[in-house]
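Here is the structure we will look at.
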Amino acid sequence: MVQDFKDLVIWKKSIELTIIIYKLTTSFPENEKYNLISQIRRATTSISTNIAEGAGRRTKKDFVKFLYNAYGSIKEVESLLLLSEELNYLDNNMHSTILQSIDELSRMLFRFIEAVR
Numbered sequence: 000m001v002q003d004f005k006d007l008v009i010w011k012k013s014i015e016l017t018i019i020i021y022k023l024t025t026s027f028p029e030n031e032k033y034n035l036i037s038q039i040r041r042a043t044t045s046i047s048t049n050i051a052e053g054a055g056r057r058t059k060k061d062f063v064k065f066l067y068n069a070y071g072s073i074k075e076v077e078s079l080l081l082l083s084e085e086l087n088y089l090d091n092n093m094h095s096t097i098l099q100s101i102d103e104l105s106r107m108l109f110r111f112i113e114a115v116r
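Printed below as a string of structure tokens:
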């Protein structure tokens, strides 16, 4: 199943999301540095790294397993963004924009999983 993950649109989109999240979380309160900021950045980074790791596996079954891990990380990021909004770390406009990106990536990844299976 080995393929170059850098050619995958879903990997590119996940990197774009990661950059947005990293920039966004710089405005979070300093006391969240080792809590929410760290958690949301780790979860966001996990999306692209799971896609990349899965693409390097030898079987479709292994690839799909890592794609599902990436999908789980997308949902984790979504949950953490909802929490961030509740804590007033995000304004409604920014939150809506990011959630649209997450929803798009989530749908793309799910369709990709179905195609690989």
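The sequence shown runs 0 to 116 under numbering that gives the first Met the number 0.
Using N, Cα and C, we set each Cβ at its ideal position, and we do this for glycine too.
Report the residue from the options whose alpha carbon sits nearest the alpha carbon of residue i.
| i | options | result |
| --- | --- | --- |
| isoleucine 14 | Phe65, Thr44, Ser72 | Thr44 |
| glutamate 75 | Ser105, Glu52, Asp61 | Ser105 |
| lysine 60 | Ala114, Ser83, Lys5 | Ala114 |
| glutamate 52 | Ile112, Leu108, Met107, Phe4 | Phe4 |
| glutamine 2 | Gln38, Ala54, Arg40, Phe109 | Ala54 |
| glutamine 99 | Asp6, Ile19, Arg116 | Ile19 |
Drop a sphere of 10 angstroms on the beta-carbon of residue i, count the other beta-carbons inside from all chains shown, and report buried for 16 or more, exposed for fewer.
| i | result |
| --- | --- |
| tyrosine 120 | Examination of residue 120 is not possible in this model, given that the chain is present from 0 through 116 alone. |
| leucine 86 | exposed |
| serine 47 | buried |
| threonine 127 | The structure shown has nothing for residue 127, since the chain only spans 0 to 116. |
| asparagine 81 | The sequence given here places leucine at residue 81; asparagine does not occur at that position. By the 10 Å Cβ count, leucine 81 comes out exposed. |
| asparagine 34 | exposed |
| asparagine 49 | buried |
| serine 83 | buried |
Is residue i helix, strand or coil when you go by DSSP?
| i | result |
| --- | --- |
| asparagine 34 | coil |
| arginine 56 | coil |
| serine 26 | coil |
| asparagine 49 | helix |
| tyrosine 70 | helix |
| arginine 41 | helix |
| leucine 89 | coil |
| leucine 79 | helix |
task: Would you check if there are 3 or more beta carbon pairs closer than 8 Å linking the region 23-31 to the region 65-73?
output: In the pairwise beta carbon analysis, the region 23-31 is classified as not touching the region 65-73: fewer than three pairs are separated by under 8 Å.
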